[in-house]
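See below for the structure under consideration.
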Amino acid sequence: MEMINRLHLNKRKKVFWILSFIMMITIFVFSARDAEDSTRDSHKVGKTIGYIREYDFENWTADAQERYASRLDHPIRKTAHFLEYMTLGILLFGAIYDSPYDHVDEKKNDQDAENKGLMKLNVKNALIPWCITTLYAATDEFHQLFVSGRSGGPIDIIIDGTGALVGVGLAFLATKLFSRYLNS
-2 MEMINRLHLN KRKKVFWILS FIMMITIFVF SARDAEDSTR DSHKVGKTIG
48 YIREYDFENW TADAQERYAS RLDHPIRKTA HFLEYMTLGI LLFGAIYDSP
98 YDHVDEKKND QDAENKGLMK LNVKNALIPW CITTLYAATD EFHQLFVSGR
148 SGGPIDIIID GTGALVGVGL AFLATKLFSR YLNS
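Following this line, the structure appears as structure tokens:
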């Protein structure tokens, strides 16, 4: 926290950096779970999906419910990774993005920001958070190689990086739309 305070970031950026670090820790903790615990988590989600999607699922035998959850295990894991990294991409975009509104003196009129036109959305604002998130995905896959029963591979990095790209893209689009709204 002290390191973040020394960077002289505005409140918005501090919040996004803190949330980004919390998300990174969350990803690390989930990746540190062994295969058995991870499978148990995925199967709980799979059974929940079964209760929602399948008529009379609660009356299925425990074995049939488990088979159903097992069939969904792989898509659930990949979707979870995609969503984790999409979230991290959004958060890092918020932490890195330079809005002209960040530099407006609170005592001045917001006219200074309005004079700058639409928020500056450039490659740096999208490329840096995507690169950081994808690099973190690669280190996460490497970390999983040392966890009992887990594995990591390039396909997983691609899935995670795609999630990051979607997250950064959504944040970029939302920022652009918000900027247009403020300047209309």
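Counted from 1, the sequence shown has number 173 at position 176 by the numbering used here; the numbering is strictly sequential.
Just so you know, even glycine gets a beta-carbon here, dropped at the ideal spot from N, CA and C.
Here's the rule I'm using: 16 or more other beta-carbon atoms within 10 Å means buried, otherwise exposed. How should residue i be labelled?
i: residue 71; result: exposed
i: residue 51; result: exposed
i: residue 151; result: exposed
i: residue 10; result: buried
i: residue 133; result: buried
i: residue 110; result: Because residue 110 sits at a pLDDT of 49, beneath the cut-off of 50, its placement in the model cannot be relied upon, and the following sentence gives the value as read from the coordinates. Answer is buried; the Cβ neighbour count reaches 16.
i: residue 143; result: exposed
i: residue 103; result: In this prediction, residue 103 scores a pLDDT of 47, lower than 50, which makes its location untrustworthy; the coordinate-derived value is nonetheless stated afterwards. It is exposed - the Cβ of residue 103 has fewer than 16 other Cβ atoms within 10 Å.
i: residue 23; result: exposed
i: residue 13; result: buried
i: residue 53; result: exposed
With DSSP as the reference, label residue i as helix, strand or coil.
i: residue 56; result: helix
i: residue 114; result: Only weak support exists for where residue 114 lies, its pLDDT of 43 falling under 50; the value from the coordinates is given anyway. Three-state DSSP puts residue 114 in coil, outside helix and strand.
i: residue 119; result: coil
i: residue 162; result: helix
i: residue 77; result: helix
i: residue 27; result: helix
i: residue 142; result: coil
i: residue 147; result: coil
i: residue 181; result: coil
i: residue 95; result: coil
i: residue 33; result: helix
i: residue 51; result: coil
Assuming the contact rule is C-beta atoms closer than 8 Å, residue i and residue j should be a hit. Round their C-beta distance to whole Å, please.
i: residue 69; j: residue 43; result: 4 Å
i: residue 169; j: residue 122; result: 7 Å
i: residue 28; j: residue 88; result: With a Cβ gap of about 18 Å, residue 28 and residue 88 do not count as contacting.
Taking C-alpha atoms, which residue in the options lies nearest to residue i?
i: residue 140; options: 7, 21 and 16; result: 21
i: residue 190; options: 49, 83, 178 and 41; result: Outside the displayed span of the chain (-2 to 181) sits residue 190, for which this structure offers no information.
i: residue 93; options: 40, 177 and 15; result: 15
i: residue 67; options: 54, 91, 36 and 53; result: 36
With hydrogens ignored, establish whether the beta-carbon of residue i is closer than 7 Å to any heavy atom of the ligand FMN.
i: residue 22; result: This structure does not include the ligand FMN; it has no bound ligands of any sort.
>> Whether or not the stretch 161 to 168 and the stretch 118 to 128 are in contact is what I'm after, with contact meaning three or more pairs of Cβ atoms, one per stretch, closer than 8 Å; do they touch?
In response: yes
>> Using 8 Å as the cut-off, can you tell me whether the stretch 13 to 33 makes contact with the stretch 140 to 157, which would need three or more C-beta pairs spanning the two stretches below that distance?
In response: Judged by Cβ distances under 8 Å, the stretch 13 to 33 makes contact with the stretch 140 to 157, as three or more pairs qualify.
>> Would you call the stretch 52 to 66 in contact with the stretch 75 to 83, where contact means no fewer than 3 C-beta pairs closer than 8 Å?
In response: Cβ pair count under 8 Å is below three, so no.
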